[in-house]
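Down below is the structure, laid out as C-alpha cells.
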Amino acid sequence: MKNRKWKCNFPVQPGSWFYLTVTWSNRSGLRMFKNGVLMSEQSKFKRKARVFRYGDEKCAVTLSPPTAQGTTLNADYDDLVIWYYELNKTFMYQVYRNSIDLPKIVDCKTNGTSLDIVIEDKYQIYDVKRDFKITWWRSGGDQRETRFAKGLSFSIPGLVQDSEYIVEIQRRMFVSASSKQTLVAVLSKPSKSTCSTKPYVPTRPKKFKVREKAGEYLMLQWQSPDIIYGSILGYKISYRVDDFKTPVEWKDTFRTNVKTAHLNNLKPFTDYIIKLSCRNENGSSKAITLRATTAEGVPTRPRRFKVKLKGEAVVIKWREPEKLNGLVHYRLFALVNGTKRTICSACGEWYKLEDVEQYTNYTFWVIAYNTNNDPRYESGPSENATIITPSYTPTSPRNLTVSFTQSGINVLWERSSDPRGRIEYKLLGFVNASKRIFCDECGLHYLMEDVGRYTVYTFWVVAYNVHKGYESQSTDKVTIDTASYVPTIPGELRVNVILEGILISWNKSHVPHGSIRYQLMGLENGLKREFCSDCGLRYLINKTKPNMNYSFWVVAHNIQNGYESLPSSVVRFYTVRIKPSPPEHILAPDVSDSSAKIAWTPPGKLSEKEEIIGYKVTLYDAFSVLQIKKTRSLQLKFTNLTQFSKYYVTVEVLSRVGYGPPSQQLIIHTKDANECAMNDVPCGEHAQCINSAGSYFCSCASGYVGDGIFCQGLPSGVKEADFCPEESARNTTWKKTYRGHTDKKLCPNGTIGISTRECLKGNGSRSYWSDPNLSNCVSAWMSEVDDKLADRTLNSTAVGDFFLKLLDNNDGRGLYGGDIIKSVNVIDLLYNKSKDNELDKEKSNPKVAETLLMNLINITEKIISPEKLKVWTDIPKGRRTEHSVKIMDGLDNAVLKSAKIVKFSSIQNEHINVRYGKVSSFKLRNNMSSLERDLDDMESIKLPQREKDKDIEDRVVAIIKYNTIAEVLSAGGKESNDEGVVNSAVLSISMNPPLSTPFQKPLEFKLSNQKDGKFDEHECVFLDTSRYPGFWSKNGCNVFNVTDNFTVCHCNHMTSFSVLMQVKPAELSYSDELILSWITRVGLYISLISLGLAFITFVFLPRPCGSKSGSRCFKLCEQGYRPTYLKKVRSGIHANLILSLALAEALFLWGIEKTHHKTTCYTVAVALHYLFLVAFHWMAAEGVILYLVLVKVFQRKSARKDKRMFMIICWGE
C-alpha cells in the first residue's frame, strides 16, 4: 500500500450530493463505493502481503460536494473516520448523519401567540433535496408537536402568551438507496433552542399631564417609559369627548419620538378622555389614560401697561394676561390728538413707536385676543397710558473754530448741548461773497483741501434732526482770509567769505498767521541745487572749491499751511582762492623728557589780501597722529610726551581762504629721564634701581627674592635645585634666580629696552629657565624706517623698498623679538597706507600693485624664514600668535585688493606661495570644479559645487601658502607641552565678496604632511581669531582622507587651514599650580569646619521643647529628658549626608599628593567615588522624606523602620 497509488474517476452531476465509502481488508482488498454501490476494486493480495495484523476490515469514509466546474471527482478526503469492522448500510447512514454540521436556530421572534423561526444551514448553497423536522413543546410540559418545513424560516402559531418553548430542529436529507430507485431519508442529530412568547414591548409612558390648555386646544406632555426594549418608534394618542350620551368616537393622532403634543380644534369648556401608548419594533405598550377639560377660550386683560419716551421713539410694554385661555396676540391702539389709530394688530408683548411728532398728545391701550381671530375671544382693554412728546429741534452747535494748515482749512465744532434725537450737521458759508454748502452730514469736522490764495472764506454750521428734519439755529460766522498766510519776500541777501567757506545771510520775512522757515536755493556753475531747506536766517557752506560761480536766492515758507513767498533778489558770487604758503624756520628750542616747545616764523611771501588767522600744529609718530593743536601765536608746547622717543611736527597756516600746505616735518627726540636719580623711585629697601633708555627696573639684591619693589629673604630650607643657574643666552647673562621669580636685564648691546626671563618649576624637583622675553628689545637701526613712515610725501611702495633694503643691509647683525614686532607693525601700516593709493582700483595699475605686493611678501618672508625661527622665541607665545595672525590678515587683505586690479598672477617664493585674481581666470578642471595646481607645491582646491553656480566667476580669490609660519606659531615649544603638532603648511583661502557660510557642500583641499611617523590623531583645523590671541579650531572642518603623504580636508568656510597632530593637554606653570593648590586646600578646610559644626548640631544638641503642652516632646521635657535632633528621620538623613561629605573631603586632602603611588592612588579614587555616591543617595533620601511630609496625606508612623531602610540603601550602595 505504501508504494502503490490508486485513483478512481467517476462521473457525477454538478450540484448533487453523494456519499463515498472506501474499505480495505486482507480478504477483499481495496474497494470504493458511491452511494453504497461498488465503483472500483483492486485484486486480492496474497496472504503473505498482509497489511493488518488481523483480518478485520477497515473502512475510510469521506463526504464532499463535487466541484462546481467539473463533472468528475478525485478521491480527496476532508474528514477521515476509520472503523475496525465492515460497514453495513445502517451504519453508513449514521456516518452520513453525523458527518455534516448540524442546522441551528439563529433568530426567534414572537408577537405574543406565535414564533417566527430562522434557521442557519451550512450546506444550503447546494441543490440537495432536504427539509427540516421541527419539534416544540412548552417548558415544563410533556405535550410535543411536530411539523416539517422546506425553507429556512417558518412560523409556529397558536402558542400560549408569556411562556417559554423548547424548539428542536433536525435536517432530513434524501439520498439514493443501493437500488438507485428510491430515496432514503437520513436525519441529522437534533439542535435545540429556547424561545419565549413574551413580547418585548415597552412599558407605559410616565407623567402624562396637560401642560397648557385653552378653549380650543390642549397641550400634552409626558416622559419616556422606564423599560423600552430597543428604541421608541412613536407614540399614539387617542381621545374622545367624555359624554355617555353621545356614541363613542375615538380620534387618533400619532407622534414620532417627541414627548409633547397639541390637540387642536377642541370644544371650549368640554371634558375629554385621552389615552397615550408607545410602541417599539415588537409592538405597542399598554395605554395610560388622562381626563382633561378645555378652558373657556377668552383671555383676561393684559397687565402692567407702561409707556416710556426714549429719544425720538415711544416704547410701550405690557405683561401677558393672568389667564391666557389659549394662544393669544395683542392689538395696540392710540388716540393721537383725539384721533383713534391702530398702532399694531399682532404685536407681542412690547412695541416701539418711532417717528412721533413733537408737542403731541398720545393715549395708548392694548387688548388680547385668541389666535383664531374670533371676536368672541377678545379680552377687555388694558389700562390707558398718556404721554406728551417733547420738542425734537436740536440746539445749535458750539465752539466753531477754523484753522489753516498745510493740509487745508480745517473746520471744527462741538456737539449741540441738547441733541433731541439723532442729529447731523451741515456746514455752509461764503467764498468771496458766493454762498455754498461745503458739507452735509459732516460729523464734527471738515477739511477743505483745495484752498485758493488771496480768498476770503466765511463758515457757519447748523444741526438738524435726521428723522424729523427740524433744523437748529446757525452758529456764529467765522471768516478767514488766506492772504494773511502768505509770507513777505526775504530782503538784503548778503554773501561773506569765512575761511574756506561762504556765509549767506538775509533779513527776516513776516506773516500775520503762522511761522516761517527759509529755503536757500542757487546755481553752482550753472547747475540748480538746494543748499538748505530749513535754514534760519543764515547758512554756512563750510568748504567751497576755488574758481566756482555761485548764484543764491531765498524763499520763505509758512510752516502752518505751506504757503511760500516770492523768491528774494539773486546774489552772484565767484570764488578765487590762493592758499597761504607754509611757515618758515620751524625749530624746537626746548625739548625735555616729557615736553617739547615748537616755534616758527610766518610765511615770507604774503599778498595784501591774505590775512593769517592762525596755525594748526600736528604732532605724530611713525604710525599715527598723536595731537592736533590750533593757535594764533608763533610757538606751542606739547606735553605728556614719552621719554627717549622720536616725534614729528608739521605746521599749517590758516587764512580766510583756508589751510595752506603743511610745512617740512620737524624731528624731535625727547630726552631720557634717569628715574633712578629721582626721590620717588618705588624700588624696595633691598633692591637696586637700574636705568635704561626710556625706562628703568628694580632688581632685588643677592640673597633676596621678589619683584624689586617688595624684596624678602630666601625661605628656609631652600635647595640648590630650587634655583635656575646663572646662564648666558641671547647675548645676555642671566643671574641665579629662585624658582617662580623673574630676572630683568637691559637688552643686548645695539638694542633699546628691557628683557626678562622667568625661572620655572620643572616636573621633577629641579627648576629650569624659560625662553628669554626680548619682545621689547628693538635694534637701534630699526628707527631709520620711522622717518620714511612719517614722511607723508612717500607712498607705501617707496617705504617698502627702503625697509626691505634696511633688512638686507642689517641681516648680519641679527634680529630680536622687538624687531619682529616692529616689522609686523610696518607691514600693517604699509597695507593701510596703500588701500587708498597703490591698491585702489581707480587710482592704480597692475604693475604698481604687483610691485607693492612683492615688497610685502618679501618683507614677510624675511621675518618668518627658518633662520628667524629662534628670534620668534624671544616673543611670548600669546603675543607670538597675535602677530602671526596680524601678518596673515594683512597679507590676505593686500592680495585680495591686488586681485581686483590684476586679472591673474602667481608669486612663488621660498617660503610663501601666492596665487590671486578673478575666479574665471584660474585654469579650472573637472568641469570648473577644481583649481588646478599651476605651481608644483600648491595644493588642489575644490570649491563648493552649489556656490559655483552663482556669480562666483566674477569674484576675486586669494590663495596663500605659508610653508614656515606653522613653525613660527609653535616656535620654542616642546611637543609634550604643546596643544599639538602642526604637520603641514598653513593654507589661506579668501574670496571677495565672501561666500555665505556655512557651505551646504564643503570646500575641499589637500595638505601635504611634513613629518613622518605615526600619530595618535589627525585633525583639519583653522586659525580662529574670535578669542585673543587666536587658537587652532576644528569647528566646521573634518578629515576626509588621510595617507602617509597628505591629508584631505572638508570645511564649510574659508580661512587659514592646517593639519594638527597628537593633541595633548597643556601643562600649567608653577605659579598657576601653586595658586590653584592653595585655593583647593583653603576651600576644603573651610568646608570641613562648617560640616563639623553642622554634624555636632544634629547629633549632640538637644531639641527645644516646643510650645504645645500636650505634645509628646513637651511631656518628655517635663520629665527631664531632652531628645536630640538625631531622633528625627530628617535630622538623621542630614547627619549622614554631612558625614559622607566630610569623609570624602578629608580623604581628598590626604590623597591629593599621593598620585605617584599607583595602589594608593587607585584606593583613594575608589573610596572617593563610593563616598560621593553615598552622598548622592542621602540627597535622594531627603527628597523622598520631603515628598512623604508635604504630598502624602497618610504618612507612615514607623520612623525607626524608615531610618533602618535608608541606612541599608544609602550606605549599602
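Using the UniProt record's numbering, the first residue of the sequence shown is number 1, and each one after it goes up by one. Backbone N, C-alpha and C define an ideal beta-carbon position, used for all residues, glycine too. Being a predicted model, the structure only gives us computed values, none of them experimental.
Distance CB(Pro487)-CB(Ala556) smaller than 8 Å: yes
Sequence-distant residues of the same chain with beta carbon closer than 8 Å to Ile1208, five excluded per side: none
Ile516 to Ala433 span [Cα, whole Å]: 30 Å
Pairwise C-alpha distance: Ser345 and Val411: 49 Å
Distance, Lys843 Cα to Leu523 Cα: 31 Å
Separation of Lys323 from Thr389, as counted between CA atoms: 34 Å
Start and end residues, alpha helix (DSSP H) containing residue 1231: Here the chain covers residues 1 to 1213 and nothing more, so residue 1231 does not appear.
Lys308 versus Val315: straight-line alpha-carbon distance, rounded: 5 Å
Leu1190 burial status per 10 Å Cβ neighbour count (16 or more: buried): exposed
Assumed close pair Glu1019, Val1039 - CB separation to whole angstroms, cut-off 8 Å: 7 Å
For Val649, the three-state DSSP class (helix, strand or coil): strand
Whether Glu1004 touches Val1048 by CB criterion (8 Å): yes
Test item: CB-CB of residue 1215 and Pro682 under 8 Å: Outside the displayed span of the chain (1 to 1213) sits residue 1215, for which this structure offers no information.
Boundaries (first-last residue) of the alpha helix (DSSP H) holding Tyr1170: 1158-1190
Residues that DSSP places opposite Asp116 in a beta bridge: Lys109, Ser155
Inter-stretch contact at 8 Å, needing at least 3 Cβ pairs: the region 472-481 / the region 444-460: yes
Beta strand (DSSP E) segment containing Arg572, residue limits: 571-574
Identified DSSP bridge partners for residue 1262: Because the chain is modelled from 1 through 1213, residue 1262 falls outside the range shown and cannot be assessed.
Where Glu1073 falls: helix, strand or coil (DSSP): helix
Which listed residue (Ile709, Trp734, Tyr738) has its alpha carbon closest to that of Gly717: Tyr738
Touch test, the region 794-808 against the region 820-837, Cβ-Cβ under 8 Å, three pairs minimum: yes
Nearest-angstrom beta carbon gap, Lys868 and Ser783 [assumed within contact, 8 Å]: No, Ser783 and Lys868 are not in contact; Cβ-Cβ is about 20 Å, not under 8 Å.
Boundaries (first-last residue) of the alpha helix (DSSP H) holding residue 1216: Look at the range of the chain in this structure, 1 to 1213, and you will see that residue 1216 is not part of it.
The region 208-222 contacting the region 277-294, beta-carbon criterion three pairs below 8 Å: yes
Cα-Cα separation between Gln665 and Ser624, rounded to whole angstroms: 14 Å
Whether Glu424 touches Val451 by CB criterion (8 Å): no
Short Cβ contact (8 Å threshold) for Thr670 with Thr642: yes
Opening and closing residue of the alpha helix (DSSP H) in which Gly1132 lies: 1129-1151
3 or more residues per run - each beta strand (DSSP E) lying fully within the region 635-721: 635-638, 646-655, 666-669, 687-692, 695-700, 704-706, 711-713
Beta-carbon spacing of Gly814, Ala780 below 8 Å: no
Contact check, Ala673 vs Ala687, beta carbons under 8 Å: no
Outcome for Cys1161 when other beta-carbon atoms lying within 10 angstroms are tallied against a minimum of 16: exposed
Option in Val653, Glu414, Gly408 with minimal Cα separation from Asn561: Gly408
Under 8 Å between C-beta atoms of Ile613 and Leu587: no
Proximity winner among Glu349, Ile387, Pro302, Thr135, relative to Ser334 (alpha-carbon distances): Note that residue 334 corresponds to Ala in the displayed sequence, not to Ser. It is Ile387.
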